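What follows is a set of notes on a single structure, which appears directly below.
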Amino acid sequence: VPVFPWHSLVPFLAPTQSD
Amino acid sequence: SPVALPPFFMRGSIIQLADGELKRVEDLKTEDFIHSAEISSELKIDSSTVERIDDGQTPNAVVIQFAVGELKAQVCVEVLLEYPFFVFGQGWSSCSPDRTTRLFELSCAKLCVGDVCVSLTLRGLR
Chain A
1 VPVFPWHSLV
11 PFLAPTQSD
Chain B
1001 SPVALPPFFM
1011 RGSIIQLADG
1021 ELKRVEDLKT
1031 EDFIHSAEIS
1041 SELKIDSSTV
1051 ERIDDGQTPN
1061 AVVIQFAVGE
1071 LKAQVCVEVL
1081 LEYPFFVFGQ
1091 GWSSCSPDRT
1101 TRLFELSCAK
1111 LCVGDVCVSL
1121 TLRGLR
């Protein structure tokens, strides 16, 4: 049975350059 | 292009928390993400508020605009309608709960403007 790491389930939202 | 839905959102998928504990994807709670991030050396939880939901480039896609973290950095992601996000205090939520339930058997709430989602960023990133 595959086991997936917790951090795969939520998006990595790196802030882009702000305007 | 929209990100395809990965296999771990299927109901019954086994998820390993940072402390090694195993849980099913449908049983995850807000505290599981918070606690896992607390003991992670690299990752930190951000609060990302849904600001807009617009149609995407293809019929089954949406563009979601988030205000990320304390700085409210504007970040857009294009995903399929059924892609679930984890809303603080509420759990899995998608733009089309019906599709998420049908395709992945994962119970979802409707993702709405104003919802605050769990997202990740790097520790020390400014």
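Sequences listed follow chains A and B, in order.
According to the working numbering, the first sequence holds residues 1 to 19 in order.
According to the working numbering, the second sequence holds residues 1001 to 1126 in order.
We put the CB at the ideal spot given by N, CA and C, even for glycine.
Nothing here was measured: the structure is a model prediction, and the numbers come from that model.
Just the Cα atoms here: how many angstroms apart are residue i and residue j?
i	j	result
B/V1062	B/E1082	10 Å
B/I1034	B/S1107	21 Å
A/F12	B/R1102	26 Å
B/L1111	B/D1055	14 Å
B/S1001	B/S1040	With a pLDDT of only 48 at B/S1001, under 50, the local geometry of the prediction cannot be trusted, and the value read off the model is given with reservation. Straight-line Cα distance between these residues: approximately 30 Å.
B/D1149	B/L1080	Any answer about residue 1149 of chain B is impossible in this case: the structure gives chain B only from 1001 up to 1126.
B/C1076	B/P1059	18 Å
B/G1115	B/D1046	Note on identity: in this sequence residue 1115 of chain B is Asp, with Gly being the wrong assignment. Approximately 13 Å, taken between the alpha carbons.
Please confirm whether residue i and residue j have their CB atoms less than 9 Å apart.
i	j	result
B/E1031	B/G1012	no
B/P1097	B/F1009	no
B/K1072	B/T1121	no
A/W6	B/L1005	no
B/Q1057	B/E1070	no
B/R1123	B/E1021	no
Give the C-beta separation of residue i and residue j to the nearest angstrom, bearing in mind that I take them to be a contact with Cβ-Cβ under 8 Å.
i	j	result
B/E1051	B/V1113	7 Å
B/F1086	A/L9	7 Å
B/F1066	B/S1094	Actually they do not touch by this definition, with Cβ atoms about 15 Å apart.
B/G1089	B/A1109	Going by Cβ atoms, the distance from B/G1089 to B/A1109 rounds to 11 Å, so no, they are not a contact pair.
A/V3	B/Q1016	5 Å
Closer than 9 Å by beta-carbon distance: list the chain A residues that pair up with residue i, in chain order.
i	result
B/A1109	Within 9 Å Cβ-Cβ: nothing; B/A1109 doesn't reach chain A, min ~16 Å.
B/L1106	The premise fails here: B/L1106 is roughly 11 Å from chain A at the closest Cβ pair, so nothing lies under 9 Å.
B/R1032	A quick correction: the sequence has Asp, not Arg, at residue 1032 of chain B. The answer, in chain order, is W6.
B/L1043	H7, F12
Which residues in chain A sit within 8 Å of residue i, going by Cβ to Cβ distance?
i	result
B/S1119	V10, P11, F12, L13
B/F1086	L9, V10
B/A1061	Those do not exist, as B/A1061 stays about 15 Å from chain A at its closest Cβ, beyond 8 Å.
Would you mind telling me which residues of chain A sit closer than 7 Å to residue i, beta carbon to beta carbon, in chain order?
i	result
B/S1013	F4
- Counting only runs that start and end within the segment 1030–1110 of chain B, where is the alpha helix (DSSP H) found for 4 or more residues in a row? 1030–1038, 1097–1104
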